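Residue numbers (the working numbering): 296 to 486. Backbone N, C-alpha and C define an ideal beta-carbon position, used for all residues, glycine too. Remember, it's a predicted structure, so these values are computed and weren't measured experimentally. The structure appears right after this line, and notes come after that.
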């Protein structure tokens with residue numbers, strides 16, 4: 296049996312991994328940004344540090360497979376997307392975000408090993424939130440279908456539902472159409 300690098304299911308999001316740390320920091324940035332009317336210089340500085348770390352983030356093992364590399368790249372691009380749209384919430388259709396989307400979705404589609412396909416859910420989610428063109432949405436739907444054929448994880452359907460709501464919000468001109476945290480916060484307040 297081939298040894299997997301940091302993307303082994305039991306290792307992918309361990310609390311002491313670089314990936315877990317980056318996700319946690321971007322989530323914190325997202326929470327803090329939602330509490331501020333205008334993004335503070337501190338939050339912008341945090342985002343810049345995160346982008347630099349993403350740019351410098353290397354895989355743990357020098358001898359990795361192409362699939363490991365594709366998974367790694369899909370995380371880098373999708374986490375960049377998440378951090379970028381927090382700082383630039385109206386730039387979903389911007390060139391940087393859309394380029395990152397295409398790189399991420401291309402890498403996601405290249406991950407085919409049975410034990411690795413379920414690990415693309417996080418990059419697929421963040422990439423999917425910024426799919427604004429019908430052809431790109433078709434690519435995202437295709438990848439969700441593919442991942443669903445590999446796993447029955449309950450959060451996968453929820454993830455896909457949120458992505459589709461973001462598309463609907465974008466099409467209806469909703470500001471920050473990608474921001475599922477705001478929807479949750481506002482729907483909780485309405486109940």
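Could you give the first and the last residue of the continuous alpha helix (DSSP H) run that contains residue 458?
Looking at the DSSP string, the run of the alpha helix (DSSP H) that includes residue 458 is 449-466.
Go to residue 320, then tell me how far its alpha helix (DSSP H) extends in each direction, as first and last residue.
Start and end: 313-330.
Under 7 Å between the Cβ atoms of residue 403 and residue 369?
Yes, the Cβ-Cβ distance between residue 403 and residue 369 is below 7 Å.
I need the DSSP call for residue 399, collapsed to helix, strand or coil.
Of the three classes helix, strand and coil, the one that applies to residue 399 here is helix, per DSSP.
Quick check: the Cα distance between residue 471 and residue 336, rounded to an integer number of angstroms?
Looking at the two C-alpha atoms, the distance is approximately 20 Å.
If you run the structure through DSSP and keep just helix, strand and coil, what is residue 414?
Helix at residue 414.
Alpha carbon to alpha carbon, how far is residue 469 from residue 443?
Residue 469 and residue 443: Cα-Cα distance of roughly 29 Å.
Between 451, 426 and 434, which lies nearest to residue 463 when the distance is taken from Cα to Cα?
Among 451, 426 and 434, the Cα nearest to that of residue 463 belongs to 426.
Kindly list the residues whose CB is nearer than 6 Å to the CB of residue 486, restricted to its own chain and excluding five residues on each side of it in sequence; keep chain order.
Model confidence at residue 486 stands at a pLDDT of 40, short of 50, so the residue's coordinates are unreliable; what they give is reported in the following sentence. Once the five neighbours on either side are set aside, residue 486 has no close Cβ partner at all.
For residue 384, report the span of its alpha helix (DSSP H) as first-last.
No alpha helix (DSSP H) holds residue 384; DSSP gives it neither H nor E.
Which residues bound the alpha helix (DSSP H) around residue 338?
Looking at the DSSP string, the run of the alpha helix (DSSP H) that includes residue 338 is 336-351.
Indicate the three-state DSSP secondary structure (helix, strand or coil) for residue 366 in the structure shown.
It is helical.
Got a sec, what are the start and stop residues for the alpha helix (DSSP H) residue 439 sits in?
It spans 429-443 - the alpha helix (DSSP H) in which residue 439 sits, taken as one unbroken run.
Have a look at 465, 428, 394 and 381 and flag the residue whose alpha-carbon is nearest the alpha-carbon of residue 324.
Nearest of 465, 428, 394 and 381 to residue 324, Cα basis: 381.
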